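Novice:
There are 2 protein chains.
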Amino acid sequence: MADSTATLSVGLELRNATNPDAVGSPATQHGYSYALLNLLQDDVQATLLHPDSTLQDAFQPADLQMTENTWAGFIVGGITAGGELDSEDDVTRQKCEALVRQQIQWAAHLGLTSVVFTAPEKELGLNFPRVVNRSLSLLAYSHAWLRVVVKKDDNEAWKRWNTIRTLGGHNPKLSVALELGPDLPDELFLRQWTAEPVRTVILPTTSFIANTKGFPVLKKSHQVFLQKLMELNVQFLISAASLDESLHKGGLGAYQQYIRHLHRMRPELDIVDQFATGYHDYLQSPLQPLMDNLESATYEVFEKDPIKYQEYERAVYRALMDRPDTAVETVLMVVGAGRGPLVQRALQAAENAKRRVKLYAVEKNPNAIVTLRARKQSEWGESVKVVHCDMRFWTAPEKCDILISELLGSFGDNELSPECLDGAQRFLKDDGISIPESYTAFIAPMSSTKLHGEVTSYKDLEHVETPYVVKFRAVHELADPQPVWTFTHPDRRVGGVVGIDLGSPNFNIHNTRYAARTFVTATDSLMHGVAGYFEATLYKDVMISIHPKTHSPGMFSWFPIFFPLKTPLHLPANSSVTIHFWRLCDARKVWYEWTAIPGSAKGAEGSQQPPIMGTASALHNIDGRSSWIGL
Amino acid sequence: MADSTATLSVGLELRNATNPDAVGSPATQHGYSYALLNLLQDDVQATLLHPDSTLQDAFQPADLQMTENTWAGFIVGGITAGGELDSEDDVTRQKCEALVRQQIQWAAHLGLTSVVFTAPEKELGLNFPRVVNRSLSLLAYSHAWLRVVVKKDDNEAWKRWNTIRTLGGHNPKLSVALELGPDLPDELFLRQWTAEPVRTVILPTTSFIANTKGFPVLKKSHQVFLQKLMELNVQFLISAASLDESLHKGGLGAYQQYIRHLHRMRPELDIVDQFATGYHDYLQSPLQPLMDNLESATYEVFEKDPIKYQEYERAVYRALMDRPDTAVETVLMVVGAGRGPLVQRALQAAENAKRRVKLYAVEKNPNAIVTLRARKQSEWGESVKVVHCDMRFWTAPEKCDILISELLGSFGDNELSPECLDGAQRFLKDDGISIPESYTAFIAPMSSTKLHGEVTSYKDLEHVETPYVVKFRAVHELADPQPVWTFTHPDRRVGGVVGIDLGSPNFNIHNTRYAARTFVTATDSLMHGVAGYFEATLYKDVMISIHPKTHSPGMFSWFPIFFPLKTPLHLPANSSVTIHFWRLCDARKVWYEWTAIPGSAKGAEGSQQPPIMGTASALHNIDGRSSWIGL
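The listed protein sequences derive, respectively, from chains L and S.
Going by this note's numbering, the first residue of the first sequence is number 3, and it counts up by one from there.
Going by this note's numbering, the first residue of the second sequence is number 3, and it counts up by one from there.
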């Protein structure tokens, strides 16, 4: 059971209420934390549209005088946008627009925290989106919700939302109030919403069913979707026709009690999510362990991973068992030893395997060396040699049997494991073993309004061309990940010290990569970037992975990596998108470049059209201008 | 004949030359002003791609030692990008890329002003575009040209260029070197280039034909296209196989002489273009005549228009002749009289029509009033009354028969003629005449890399949401203009002083407009914005127009107006784009909002698909946030 102290906001709408008291009092009384009230009554619009009337005649919100100041913070204002905003007649249209404007100004005057527009369920004209987006610029402190109804046999709801927010240039003041009908559409059309800024979930009382005792409960399909949405920290709103409505037992309070019950009963967070608390959808710059020295706290966090070191120990054990059991000791080298967790595990593996070993712990960080030397003295003894040196430039006194490293980033090679191991493999015996022996990067197109908003909020080029490490939450993967490239160690193509031959224009060419992968999306969607993962083979079948389909259970050392797109790409249902990805190098740095090119929608015969080159997003991070990893 | 003192730069390429002297000396000798030389010879690439070779082996540009310093400013460097940039093999691809990088660095070292990439004629991979765009970031002071061959039966050349510059994010360092084959494609595919940054036109000697005496000349089709390109200030390059080549009489010098001849013989500029010298593709903010007082020099320029005032005089004459010839004098009012050109013309029309008139000259600009009073005293006498007042707030002593104004902007209503005349029509007799009696705004989708570059160079929102007055040159209209809306005067819907009733939320609602217009484009294109024009009916069939198809010959008072798009829209051949346009008002200002939504390509049966809403460009200038005209 999840933390029951988490607060959950559940509001009430009484659709026949005409003043704050009429909804505010019963809401409070039945345990609701806020209320929704339309700022105008429906008949006002009829008055307004009479040819002789002016706005002054129509807009007389006398019922909305707030009888207590407290209502201002309690009431969310419903905006009547009317069906005539897209009238052919200029004056009718403009009267409706002026009426919206007056409601917005009225809401600002009252100090309401939020206003709610209701998206038309039929086809959109362009004036409704324009008026909604214009209203956002009039709202200084308030937010706007767009109420969108999700129901069976309507797969267009997301498209209407997408049009409105695209026309508004992705204004962060606009969020979604998702109203769930009694029957939900296919799960494909629900998943789209997990990448959107869903602020509120609206549940009409008619979307509840009665349990055996007559009290309101939700169908299983609704419960599953709500639990997913609860992870996004949504609030709720119960919408009833009137105070006297009695569809279910238990009165108006029973609905909020049931929602709070569902909230309490949601599944426990798994260990990775517990570890990630506070990091969901938070952008972190990837580590630069080669250029910077990691801090003690960073080591401390990663050393606690319950899975990673267990798998390394298994891999070392298996590798040792595969080496001939000779009289001479087996030479192990841990390169990038940090504060010693791999040294500890390697020694344990040797003990389990009953092998005599000599172990070199090579580390360039002078601060970590202090810890290593202390542990050698207190724990490890003479079989461990602590070497303070950058592995790329070390002259080893002998060659080793097993070269152990943990230099992987979220994208596998993005913390320069390939370059480091090119240097380190100089002191690996010809028949020696590298742990890890290979790693593969994976990509998938993804949607996330939240992450797009974060990277564009800086209004510069740099932030939209930088990969970030992110624990995904309000993210929707648009297709399954595909592998882009693999690095294998030792790389016997690398002779001598090529990895260090900085003067050569051939330098590091063998560690460049390029791949293009085509993905097909099932529903209409807006692609905001590329999700990146890795799988690594430590030794034979000992693997670690952060690929969603093969993720090592409970391993928390790596979150996925997010490569943004500057401009979101609209992908129609059943269309393709080709992602091009490069890993590039010069003498001082390694960087990624990427772009995405949409293809046409699938033809009737299922044949895929070629990508439409003119609609390519620009190349990101040309020449590493915005982001790179220093050698 | 055009100004023969204009300088024209014509260069020479000798395709078999291997060092600067070999091309530089003959180029100078035969009257060329620069030369193109490949920085590497073809066989270098073969050396490089041998598995055992390194870049050092391959890149030995000994032949490129500049024998004289002067060659650095004379030589343009050809870059060998090779056909292997899109090889499947990582190392081959990277060797080719490193070779390009060395050439670019070499060109920078030599201080060459430009380098030339040659676009592949077959389908593009993504590495060629990436390497070209990466090179731009390595070129500190030099520019790059992309050599694109235009020839019969290849309609894809523009699409290849568009892909390359789109992937590069529209980098202004990259321009086009357009090579014309012996036969040109359909004019549709030539016109595309007029909106592009064509810096150089390359003419292989094989694209020339021999005249009756055996000297090189160009076909008529080439001449027509070149004359269009010459307006864009291009330079030329003659490409010959070798020094000894003798396809035509007259030697190598004959080609540049012929080009210079064509340049001298190009048609005289018409009066509008002469007037516009220095203003082509230059962004001007539209006037704000209501908020600002025009300067004397501004009046001076516009008073010189040879056509506008002639048409106004015709209109006033016709209107006077249509009024009953009674004993009492006809009352004319010129509102916004400026320094008096319309007063003068109206008096002339009255004289021609032999009508006695009393004329009120109403002007709000206190500086212009000085001139009006002086002219009344020295030229016009007692029949003219000079009134210093804003026409919207004037209390006229009597009503007039004919209300004359020249308040039109490039988009018709964009200098607030509707609002001004709403105020002024209070003192027009019920059967009185307004000159102009109506005006209509027109829009067309357009492409212009130059103008897009200008508005985005500021890297802010304001400049991409502001309309500009521009004399178009490097602009390609993607479809014929269509009317969006019309204003007619007097507007009898406007009762009393509604136009001035600033307190009313209904204020000025009747002057708001909305229209959506769909255009079909013939070729693939990149839409950068919307071109705006107007047609005005002064009186009955007396018209003035800046619509390209109906432009009043010789009238120079108005250039077109350009509404930018933030992000260029790619439009496939035979597809549609729907432009939505609004004219909106509040109590203090009037502004435009606009957006464009591409549709699908035409189906086989010619049926047009609906617009793809998710690909809409964002609404521009929401709530007038970036640009507006003050009331």
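Yeah, the Cβ is synthetic: ideal placement off N, Cα and C, and Gly gets one too.
In this text, all values refer to a predicted model and were calculated from it rather than measured experimentally.
#1: Can you give the Cα-Cα distance for Arg17(S) and Val592(L), rounded to whole angstroms?
#2: Residues in the stretch 408 to 428 of chain L with C-beta within 8 Å of chain S's C-beta atoms, listed in sequence order?
#3: What in chain L is Cβ-close to Gly531(S), meaning under 7 Å?
#4: Of the residues that make up the stretch 145 to 174 of chain S, which ones have a beta carbon closer than 7 Å to any beta carbon in chain L?
#5: Within 7 Å of any Cβ in chain S, is that where the Cβ of Arg132(L) sits?
#6: Shorter than 7 Å from the beta carbon of Ile631(L) to some beta carbon of chain S?
#7: Quick one: is Gly616(S) near chain L, going by C-beta distance under 7 Å?
#8: For Thr168(S), does the count of other Cβ atoms within 10 angstroms reach 16, so buried, or fall short, so exposed?
#9: To the nearest angstrom, how far is the alpha carbon of Leu38(S) from that of Ser244(S)?
#10: Closer than 8 Å, Cβ to any Cβ of chain L: which residues of the stretch 508 to 528 of chain S, in chain order?
#11: Hey, does Ile546(S) have any beta-carbon neighbour from chain L nearer than 7 Å?
#12: Considering only the beta carbon of each residue, do Pro343(S) and Glu305(S) sit closer than 7 Å?
#13: As an exercise, report each continuous alpha helix (DSSP H) stretch of at least 4 residues that is fully enclosed by the stretch 350 to 393 of chain L, in chain order.
#14: Taking Ser345(L) as the reference, which of Lys356(L), Ala329(L), Glu365(L) has the closest Cα?
#15: Please identify, using Cβ separations under 8 Å, the residues of the stretch 82 to 111 of chain S that lie next to chain L, in order along the chain.
#16: From the DSSP output, read off the bridge partner residues of Lys473(L).
#17: What residue from Leu586(S), Gly13(S), Gln225(S) has the CA that sits closest to Asn513(S)'s CA?
#18: Once you ignore the five residues that flank Ala83(S) on each side, which residues in its own chain have a CB closer than 8 Å to its CB?
#19: Find the residues of chain L that neighbour Asp625(S), judging by a C-beta separation of less than 8 Å, and give them in chain order.
#20: So for Ser436(S), helix, strand or coil by DSSP?
#21: With C-beta atoms as the reference, is Thr202(S) less than 7 Å away from Gln237(S)?
#22: Quick one: what's got a C-beta closer than 6 Å to Pro613(S)'s C-beta in the same chain, skipping five residues either side?
#23: Using the three-state DSSP reduction, which class does Met448(S) fall into: helix, strand or coil?
#24: Strictly below 9 Å CB to CB, what residues from chain L border Leu245(S)?
#25: Assign Leu148(L) to one of three DSSP states: helix, strand, or coil.
#26: Exposed or buried, Phe444(S), counting other C-beta atoms within 10 Å across all chains shown (16 or more means buried)?
#27: Below 6 Å, is the gap between the Cβ of Lys97(L) and the nearest heavy atom of the ligand PLP?
#28: So which residues on chain L does Glu595(S) lean against when the C-beta distance must stay under 7 Å?
#29: Where do the ends of the beta strand (DSSP E) carrying Ala29(L) lie?
#30: Going along chain L, which residues have a C-beta under 9 Å from Ala620(S)?
#31: Just grab the DSSP bridge partners of Trp163(S) for me.
#32: Let me see if you follow: with CB-CB separation under 7 Å, is His572(L) close to chain S or not?
#33: Give me the Cα-Cα distance between Val178(L) and Trp163(L), rounded to the nearest whole angstrom.
#34: Beta strand (DSSP E) containing Leu14(S): first to last residue?
#35: List in chain order: all unbroken alpha helix (DSSP H) runs of 4+ residues lying wholly within the stretch 168 to 200 of chain S.
#36: Return the chain-ordered list of same chain residues with a C-beta closer than 7 Å to the C-beta of Val471(L), the five sequence neighbours on each side being excluded.
Specialist: From the atom records:
#1: 38 Å
#2: none
#3: By Cβ distance, chain L contributes nothing, its closest Cβ being about 17 Å from Gly531(S), past 7 Å.
#4: Under the 7 Å Cβ criterion, the stretch 145 to 174 of chain S contributes Lys161, Asn164, Thr165, Thr168, Leu169, Gly170, Gly171.
#5: yes
#6: no
#7: Yes, Gly616(S) counts as interfacial toward chain L.
#8: buried
#9: Rounded to whole angstroms, Leu38(S) to Ser244(S) spans 13 Å at the Cα level.
#10: Asn508, Ile511, His512, Thr514, Arg515, Tyr516, Ala518, Asp526, Leu528
#11: no
#12: yes
#13: 368 to 377
#14: Looking at the sequence shown, residue 345(L) is not Ser but Val. Of the listed residues, the one whose Cα sits closest to Val345(L) is Glu365(L).
#15: So the close ones are Asp92, Val93, Arg95, Gln96, Lys97, Ala100, Arg103, Gln104.
#16: The partner list for Lys473(L) (beta bridge, DSSP) reads His282(L).
#17: Leu586(S)
#18: Cys98, Val102, Phe119, Thr120, Phe130, Val133, Val134
#19: Arg136, Ser139, Leu140
#20: Strand, per DSSP.
#21: yes
#22: Thr580, Ile599, Gly601
#23: Of the three classes helix, strand and coil, the one that applies to Met448(S) here is strand, per DSSP.
#24: Those within 9 Å of Leu245(S) in chain L number zero; the least Cβ separation is about 34 Å.
#25: strand
#26: buried
#27: Judged by which ligands are present, the structure shown has none, so any question about the ligand PLP falls away.
#28: Arg132
#29: Element bounds for Ala29(L): not the beta strand (DSSP E) but the alpha helix (DSSP H), 22 to 31.
#30: Listed by position along chain L, the residues whose Cβ is nearer than 9 Å to that of Ala620(S) are Asn135, Thr168, Leu169, Gly170, Gly171, His172.
#31: Partner(s): none; Trp163(S) has no beta bridge.
#32: yes
#33: Their Cα atoms are separated by approximately 8 Å.
#34: 12 to 16
#35: Segments of the alpha helix (DSSP H) lying fully in the stretch 168 to 200 of chain S: 189 to 193.
#36: Gln286, Pro288, Ser412, Phe561, Ile563
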